[in-house]
Amino acid sequence: MIHWHMKQVPLKFQLSDLTLFSIELPLCVRSIAINENIPPVDLPQPPAEAPEAGSEGFLVRGIAVSAPVPKIHRAGRYLCYVFATYFHSYIDLGTSFDAYKAKFSAKSRSTLLRKIRKYSDHCDGELKWRTYRTPDELVEFFILARAVSSKTYQERLLDAGLPDAESFRQDTLRRAADGLVRAYILFHKNTPVSYLFCPVENGVLLYQYLGYDPEYITYSVGTILQWLAIEQLFEEALFECFDFTEGQSEHKRFFATHQSLRVNAMFIRRNVRNVLLVRAHSAFSSFSSALGRALDKFGLRARIRRVIRFGRT
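Residue numbers for the sequence shown follow the working numbering, so the first one is 1 and each next one is one higher.
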């Protein structure tokens with residue numbers, strides 16, 4: 001049975017990486033998990049169910065498609081708005097770690113080992129890290145991880161660090177009581193420098209929060225912690241896959257064993273207001289993307305991001 005969650009979904013109007021304003025729509029929401037194994041479609045279609053009262057329609061994340069699809073098309077009594085298209089990355093944990101390592105080139109493996117050796121030398125030969133699984137362990141994890149998260153640009157500027165809300169902590173502790181959390185911290189001696197937080201959904205480990213102390217960027221501490229965690233997950237052999245969730249990055253592509261073309265789509269009641277809203281958002285997004293490409297052409301966006309993240313060019 002498919003479970004939908006009614007929520008207010010923000011339609012963000014962004015200029016490059018900056019959100020100018022957003023308009024919220026009440027939608028019935030679901031995410032398609034990697035292990036649902038739903039075949040790719042040529043064109044996203046609306047759910048067969050009727051939306052809840054008060055809803056403007058549906059939001060479905062992670063629809064597998066066979067090829068790029070139009071951003072906007074009619075779908076029965078709905079307007080389908082494909083607002084995100086991306087390659088969804090994940091790691092198949094059903095093999096061995098040796099088989100996983102074989103996917104990397106000799107150069108990539110050598111680079112990873114060199115990074116680990118360099119950081120180990122910086123730590124006087126002791127590479128210290130820890131896994132957190134139980135509720136008691138996670139109480140300590142939150143203290144240590146929050147100390148790192150408060151320093152990251154994700155939290156300072158994007159409000160996307162590890163949440164500090166009591167509701168998030170309590171939900172995590174409930175999950176941990178059922179063995180449905182894996183969290184990791186890498187240390188420099190006794191100081192936490194990077195964290196990784198992964199809840200479990202339907203046998204799949206989700207890449208939810210990764211952060212590192214910007215003072216340690218030259219040591220690739222986030223990459224090192226990811227590698228150590230993956231090795232341990234293969235040894236545990238408890239989960240089907242490690243899901244990097246939506247969005248693309250070099251980090252995800254590097255570690256993934258598989259990628260599939262996916263879209264996030266809204267199926268919104270077709271009326272004048274919604275048609276105007278969707279087309280305005282689509283046009284604004286296209287302009288923002290064009291601006292981003294122009295900044296990239298002259299090397300400006302990377303410089304701006306460095307200033308935002310680290311306060312320097």
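Quick reminder that beta carbons are idealized off the backbone N, C-alpha and C, glycines included.
Roughly how many angstroms separate the alpha carbons of residue i and residue j, rounded to a whole number?
i      : j      : result
PHE284 : GLY161 : 27 Å
VAL272 : TRP4   : 26 Å
ILE143 : LYS189 : 17 Å
ALA75  : GLN208 : 32 Å
LEU261 : SER220 : 28 Å
PRO192 : LEU27  : 39 Å
GLN14  : HIS122 : 40 Å
PRO163 : PHE234 : 28 Å
LEU25  : VAL9   : 5 Å
SER55  : MET6   : 8 Å
LEU157 : ASP136 : Residue placement at LEU157 is poorly supported in this model, since its pLDDT is 48, which falls under 50; the coordinates are not used for a value here.
ARG109 : LYS101 : 8 Å
VAL60  : SER31  : 6 Å
Thinking just about the alpha-carbon of each residue, which of the options is nearest to the one in residue i?
i      : options                           : result
PHE244 : LEU206, GLY211 and LEU238         : LEU206
PHE97  : TRP227, LEU186, PHE197 and ILE32  : TRP227
VAL204 : ASN37, VAL29, GLN8 and LYS7       : ASN37
GLU236 : VAL263, ALA64 and ARG133          : ARG133
THR223 : PHE254, LEU238 and GLU246         : PHE254
LYS12  : SER288, ARG293, ASP136 and ALA50  : SER288
ARG130 : LYS101, ILE185, LYS151 and SER150 : ILE185
VAL148 : ALA99, CYS198 and LEU210          : LEU210
LEU276 : ILE2, ILE23, THR19 and LEU18      : ILE23
HIS73  : PHE83, ALA64 and LYS128           : PHE83
Determine the DSSP secondary structure at residue i, reduced to helix, strand or coil.
i      : result
ARG174 : helix
ALA183 : strand
GLN226 : helix
ILE91  : strand
ALA53  : coil
PHE168 : helix
May I ask you to list the residues that DSSP assigns as paired with residue i?
i      : result
ASN264 : ALA84
VAL29  : HIS5 and LEU59
TYR209 : PHE197
GLN14  : THR19
PRO44  : The partner list for PRO44 (beta bridge, DSSP) is empty, contrary to what the question assumes.
TYR132 : ALA183
TYR78  : ALA75 and ARG269
Beta-carbon separation of residue i and residue j under 8 Å?
i      : j      : result
GLN248 : PHE87  : yes
TYR216 : ALA145 : no
THR257 : ASP124 : no
PHE239 : VAL278 : no
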